[in-house]
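Visitor: Just so you know, we're using our numbering here: the sequence shown kicks off at 214 and counts up by one.
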Amino acid sequence: MTRYFDTLGTIVQLELRQRIRSVAWLVLVSVVFVLVGIVTALLWFSITAFGGDIADSAGVYSTIIFFVLLVGTLVTPAISGAAINGDRDAGTLATTQVTLASANQIVLGKFLAAWTVALTFLVASLPALLFTLIAGGVPGDTLAASLGVLVLELGAVAAVGVGLSGLITRPLFSVVTTYLVVAALSIGTLIAFTLGGLAFQSQQTQTIIGIDYSVGGEFDPNTGLPEEIVCLEPVTYTNTLPRFDLVWGILAANPYIVLADAAPTSFDENGFPQDLFGTIALGVRSAQSAPEFDSVLDECSAAKEGDINLGYLSETPREIFDRTVPSWFVGLLIHLVLAAAALAGAIARTRTPAGALPTGSRVA
Numbered sequence: 214m215t216r217y218f219d220t221l222g223t224i225v226q227l228e229l230r231q232r233i234r235s236v237a238w239l240v241l242v243s244v245v246f247v248l249v250g251i252v253t254a255l256l257w258f259s260i261t262a263f264g265g266d267i268a269d270s271a272g273v274y275s276t277i278i279f280f281v282l283l284v285g286t287l288v289t290p291a292i293s294g295a296a297i298n299g300d301r302d303a304g305t306l307a308t309t310q311v312t313l314a315s316a317n318q319i320v321l322g323k324f325l326a327a328w329t330v331a332l333t334f335l336v337a338s339l340p341a342l343l344f345t346l347i348a349g350g351v352p353g354d355t356l357a358a359s360l361g362v363l364v365l366e367l368g369a370v371a372a373v374g375v376g377l378s379g380l381i382t383r384p385l386f387s388v389v390t391t392y393l394v395v396a397a398l399s400i401g402t403l404i405a406f407t408l409g410g411l412a413f414q415s416q417q418t419q420t421i422i423g424i425d426y427s428v429g430g431e432f433d434p435n436t437g438l439p440e441e442i443v444c445l446e447p448v449t450y451t452n453t454l455p456r457f458d459l460v461w462g463i464l465a466a467n468p469y470i471v472l473a474d475a476a477p478t479s480f481d482e483n484g485f486p487q488d489l490f491g492t493i494a495l496g497v498r499s500a501q502s503a504p505e506f507d508s509v510l511d512e513c514s515a516a517k518e519g520d521i522n523l524g525y526l527s528e529t530p531r532e533i534f535d536r537t538v539p540s541w542f543v544g545l546l547i548h549l550v551l552a553a554a555a556l557a558g559a560i561a562r563t564r565t566p567a568g569a570l571p572t573g574s575r576v577a
């Protein structure tokens with residue numbers, strides 16, 4: 214077992230020396246460091262200018278985490294998408310295959326190296342993250358959950374790239390396919406959710422009992438309502454609503470939504486989320502609720518009871534969040550299964566002696 218891990222470590226070291234020691238990579242990491250610093254400074258000064266408090270640093274922290282995930286999903290496919298077939302084209306893969314290193318050690322070593330390289334973006338963002346933590350306002354459970362899911366998501370992207378580089382012969386095609394997989398999960402799920410909700414529609418009948426503002430005397434300066442509430446005759450409207458509640462599960466596969474939904478959300482005294490994690494998660498949770506097909510909105514009765522919202526705000530965002538279900542673990546499981554399947558396929562294709570190779574594959 215020790216020899217197995219020693220060989221695996223050697224593969225990882227060779228890959229890291231080949232990728233991280235290049236000048237281009239150092240320049241890229243430096244650019245990410247500068248961009249994260251600029252984003253952090255702009256957000257912090259904006260919050261300060263508008264009189265933000267310590268809780269607003271949680272919003273800065275969540276924005277940085279999403280920015281790191283964005284950079285990771287944009288760059289990691291280029292790093293991992295040609296890890297195996299690129300070496301095969303260069304004639305260096307065969308040299309490794311004739312050593313004592315097995316196919317799974319070669320593939321897993323390249324995966325661990327690609328994962329490590331992807332995590333350097335997180336390392337480059339550590340000064341900005343530490344700044345938000347020192348400022349306070351970031352709960353410990355939010356910190357642990359967001360960093361844990363971010364690390365796993367970057368690992369999943371790296372695994373898919375390495376796996377496809379072993380399954381697809383041409384490096385260009387494997388890199389492009391990796392980008393397509395990332396785009397399908399990040400953008401394709403949003404498109405499918407929108408189109409699916411518009412494809413399934415239901416008719417809603419809503420009856421509104423309004424207030425006659427032309428009578429009732431003077432207006433109360435505290436509520437903006439007439440001192441004497443006079444009700445109008447009920448008016449019924451019929452319209453068509455999209456059924457996003459039928460297709461919201463598609464969003465579970467989106468890596469950004471997985472990250473947002475996994476991080477515990479903190480709310481202010483009015484029940485509104487205090488960071489970007491909670492805002493995105495609330496949007497997804499709200500889509501789970503089916504619309505009311507036959508509803509009555511009695512503004513008049515609500516006004517008589519002293520409700521200045523006239524019955525429009527029946528639930529706070531926190532109440533909506535608490536009564537709905539999380540979906541992050543489903544999406545994370547999908548990503549991990551996809552990553553494991555890609556690596557398993559790459560190991561099977563890299564194993565020697567090969568029973569059959571695609572036309573044009575280089576052997577040595």
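Ideal placement from N, C-alpha and C gives every residue a C-beta, glycine not left out.
Figure out for me which residue from SER275, VAL284, THR261 has the closest Cα to the Cα of LEU248.
Guide: VAL284
Visitor: When the Cα atoms are used, what is the spatial distance from LEU411 to SER499?
Guide: 16 Å
Visitor: In terms of residue numbering, what span does the beta strand (DSSP E) encompassing ASP511 cover?
Guide: That run of the beta strand (DSSP E) goes 507–511.
Visitor: Could you name the residues that DSSP lists as bridge partners for ASN452?
Guide: GLN417
Visitor: Opposite ILE424 in the DSSP bridges: which residues?
Guide: CYS444
Visitor: Rounded to a whole number of angstroms, what is the C-alpha to C-alpha distance between THR238 and ALA475?
Guide: Contrary to the premise, residue 238 reads as Trp rather than Thr in this sequence. Distance between the alpha carbons of TRP238 and ALA475 is about 31 Å.
Visitor: Locate the alpha helix (DSSP H) running through VAL550, then write down its first and last residues.
Guide: Membership of VAL550 in the alpha helix (DSSP H) is indicated by the continuous run 541–563.
Visitor: Using only alpha-carbon positions, find the residue among ILE381, THR261, LEU445, LEU256 that is nearest to ASP302.
Guide: ILE381
Visitor: Look at the Cβ atom of ARG456, then the Cβ atom of PHE413, and state whether they are nearer than 8 Å.
Guide: yes
Visitor: State the Cα-Cα distance for the pair GLY349 and PRO477, rounded to the nearest angstrom.
Guide: 16 Å
Visitor: Taking the alpha helix (DSSP H) that PHE324 belongs to, which residues open and close that run?
Guide: 316–337
Visitor: Which residues bound the alpha helix (DSSP H) around PHE218?
Guide: 215–232
Visitor: Please name the residue, chosen from LEU489, SER427, VAL336, VAL245, that lies closest to VAL364 on a Cα-to-Cα basis.
Guide: VAL336
Visitor: Check whether the Cβ atoms of LEU459 and GLN417 sit closer than 8 Å, and answer yes or no.
Guide: No.
Visitor: With GLY374 as the anchor, note down where its alpha helix (DSSP H) starts and where it stops.
Guide: GLY374 -> alpha helix (DSSP H) spans 353–380.
Visitor: Does the Cβ of ALA559 have 16 or more other Cβ atoms within 10 Å, making it buried, or fewer, making it exposed?
Guide: buried
Visitor: Does DSSP put PRO504 in a helix, a strand or coil?
Guide: If DSSP states are grouped into helix, strand and coil, PRO504 belongs with coil.
Visitor: Give me the Cβ distance between SER378 and ILE297, rounded to the nearest whole Å; I'm assuming they're in contact under 8 Å.
Guide: 4 Å
Visitor: Give the secondary structure of PHE340 by DSSP, where H, G and I count as helix, E and B as strand, and everything else as coil.
Guide: According to the sequence shown, residue 340 is Pro rather than Phe. DSSP places PRO340 in helix when its eight states are reduced to three.
Visitor: Sort out for me which residues DSSP pairs PRO439 with in a bridge.
Guide: PHE432, per the DSSP bridge assignment.
Visitor: Count the other C-beta atoms from every protein chain shown that fall within 10 angstroms of the C-beta of ASN467, then say buried if there are 16 or more, exposed otherwise.
Guide: That one is buried.
Visitor: Mapping DSSP to helix, strand and coil, what is PHE490?
Guide: helix
Visitor: Thinking C-alpha only, which one of GLU441, GLY544, ALA396 is nearest SER427?
Guide: Nearest of GLU441, GLY544, ALA396 to SER427, Cα basis: GLU441.
Visitor: Please report the distance separating the alpha-carbon of SER508 from that of GLY423.
Guide: 14 Å
Visitor: For PHE485, does the three-state DSSP call read helix, strand or coil?
Guide: coil
Visitor: In whole angstroms, what is the alpha-carbon distance linking ILE404 and LEU438?
Guide: 42 Å
Visitor: My guess is that THR420 and THR449 are in contact by the Cβ rule of under 8 Å, so how many angstroms apart are they, rounded?
Guide: 5 Å
Visitor: If you draw a straight line from the alpha carbon of GLY376 to that of GLU512, how long is it in whole angstroms?
Guide: Note on geometry: alpha-carbon atoms of GLY376 and GLU512 lie some 59 Å from one another.
Visitor: Since PHE480 sits in a beta bridge, which residues does DSSP pair it with?
Guide: PRO486
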